[in-house]
C-alpha cells in the first residue's frame, strides 16, 4: 500500500512566507543599530491564517555598514526570510538646545555679551546627544537698546543648527543726589553752582553707579527758587531728581 505524505509534516500549519508593512520611525545611521521600529512583519500560514511576528523575528545583522546609502537586512521567522531595505545616512547634528544658560544674561547698552557658563546639548540623528561648552558662535556680540536675544550657532561636519538665548536690557531706573553740592545757598541773580554734588543712578537690575553729564534748571537763583531739577539721560531714558536750595538773605546796607 502506497504511503501518503502530509504537507508541513511536523507542523500542521507551517509558515508559507513573510510580508512587511509600515515604515521605519527612526533614522537609520551608518554604523548604527538596525532598528526596525515601525515595521510590522506578518507570517502567512498554510491554512490561510496570519500572525503578526514583529517581536519574534531574527535580523541577519545588528548594525548597519559604514557607507551611507540604501542598505538591506534579512529578517527571518520560522525558516522564512524577507529582505528589508533602508536609507542609511551619516550621523549628523539634528538640533541644539540650551541646557544651562550663561552666568550673565542682563546687560547695559554697549556692553560686550559674555556667554561664560553656557552649556549646550547637541542632539544627533542617531538618538545620541552630548554637552557642548565650546566651539559655538553667537550674535550679536554687543548689547544694543533693542537686543532681546542672542542667536547661538553650532556647526558639526558642515551641519549648522541654532538656538536662541534670551537676554535682558539693563536700563536707567532712577537717579538721586547722594552727596549735596558744597553750596546750597545763593543770592538772587547769582549763578547756581552745584560743585561737589554726587548723583547716583540706579538701574533696573538694582545696580547703581555715580554718573556725570547731568543737567539742571534753573541755573540762576530767583527770589522764589527753592530747588533745582536735575536731569540725566542714558540710552534714551531720562530720569530726574531735585536738590533743595535757599535764597541767601542780603545783609542791610550800612548807613
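Numbering (the working numbering), first residue to last: 3 to 257. Glycine included, each C-beta is placed from N, C-alpha and C at the ideal position. Computed from a predicted structure; not experimentally measured.
Buried or exposed (CB count within 10 angstroms, at least 16 for buried), residue i
{"i": "residue 5", "result": "Low confidence applies here, because residue 5 scores a pLDDT of 46, under 50, leaving its location unreliable; read the following figure in that light. Answer is exposed; the Cβ neighbour count stays below 16."}
{"i": "residue 270", "result": "Outside the shown range of the chain (3 to 257) lies residue 270, about which nothing can therefore be said."}
{"i": "residue 252", "result": "exposed"}
{"i": "residue 10", "result": "Model confidence at residue 10 stands at a pLDDT of 46, short of 50, so the residue's coordinates are unreliable; what they give is reported in the following sentence. With fewer than 16 other Cβ atoms within 10 Å, it is exposed."}
{"i": "residue 193", "result": "exposed"}
{"i": "residue 57", "result": "exposed"}
{"i": "residue 243", "result": "buried"}
{"i": "residue 163", "result": "buried"}
{"i": "residue 34", "result": "buried"}
{"i": "residue 88", "result": "buried"}
{"i": "residue 241", "result": "buried"}
{"i": "residue 161", "result": "exposed"}
{"i": "residue 59", "result": "buried"}
{"i": "residue 201", "result": "buried"}
{"i": "residue 90", "result": "buried"}
{"i": "residue 247", "result": "buried"}
Three-state class that DSSP yields for residue i in the structure shown
{"i": "residue 9", "result": "For residue 9, the predicted model reports a pLDDT of 49, less than 50, meaning its position is unreliable; a value from the coordinates is still stated below. In this structure, residue 9 counts as coil in the three-state DSSP scheme."}
{"i": "residue 235", "result": "strand"}
{"i": "residue 58", "result": "helix"}
{"i": "residue 4", "result": "Low confidence applies here, because residue 4 scores a pLDDT of 46, under 50, leaving its location unreliable and the question unanswered by this model."}
{"i": "residue 193", "result": "strand"}
{"i": "residue 178", "result": "strand"}
{"i": "residue 110", "result": "coil"}
{"i": "residue 19", "result": "strand"}
{"i": "residue 79", "result": "strand"}
{"i": "residue 211", "result": "strand"}
{"i": "residue 53", "result": "strand"}
{"i": "residue 241", "result": "strand"}
{"i": "residue 40", "result": "coil"}
{"i": "residue 225", "result": "coil"}
{"i": "residue 26", "result": "coil"}
{"i": "residue 160", "result": "coil"}
Proximal residues to residue i (C-beta, below 6 Å), its chain only, five neighbours per side dropped
{"i": "residue 92", "result": "32, 70"}
{"i": "residue 28", "result": "37, 39"}
{"i": "residue 96", "result": "125, 126, 127"}
{"i": "residue 141", "result": "153"}
{"i": "residue 189", "result": "250"}
{"i": "residue 113", "result": "145"}
{"i": "residue 108", "result": "170, 172, 207"}
{"i": "residue 237", "result": "111, 147"}
Same chain, Cβ closer than 8 Å to residue i, five either side skipped, listed in chain order
{"i": "residue 245", "result": "179, 182, 183, 186, 196, 199, 218, 229, 230, 232"}
{"i": "residue 25", "result": "40, 41"}
{"i": "residue 205", "result": "110, 172, 173, 174, 175, 211"}
beta-carbon residue i near the ligand GDP non-hydrogen atom, thresh 7 Å
{"i": "residue 148", "result": "For the structure depicted, the ligand GDP is absent and the ligand set is empty, with no information on it obtainable."}
Beta-ladder partner(s) of residue i, from DSSP
{"i": "residue 250", "result": "Answer is none; residue 250 lacks a bridge partner."}
{"i": "residue 123", "result": "99, 133"}
{"i": "residue 88", "result": "73"}
{"i": "residue 185", "result": "For residue 185, which the question treats as bridged, DSSP gives no partner whatsoever."}
Close-in-space but distant-in-sequence residues of the same chain around residue i (CB under 7 Å, 5 per side omitted)
{"i": "residue 64", "result": "35, 36"}
{"i": "residue 146", "result": "111"}
* Is there contact here, the segment 74 to 88 with the segment 129 to 137, by at least three beta-carbon pairs under 8 Å? -> The segment 74 to 88, when compared against the segment 129 to 137, does not touch it at the 8 Å Cβ threshold.
Practice item. Taking 8 Å as the threshold, find out whether the segment 44 to 56 comes into contact with the segment 14 to 26 through three or more Cβ pairs. Key: Yes: the two stretches touch, three or more of their Cβ pairs being nearer than 8 Å.
Three or more C-beta pairs under 8 Å: does that hold for the segment 156 to 167 against the segment 207 to 217? no
Notebook entry, point to check: Given 8 Å as the limit, is there contact between the segment 95 to 107 and the segment 117 to 126, that is, 3 or more CB pairs closer than that?
Noted result: When C-beta atoms of the segment 95 to 107 are compared with those of the segment 117 to 126, three or more pairs fall below 8 Å, so the two segments count as touching.
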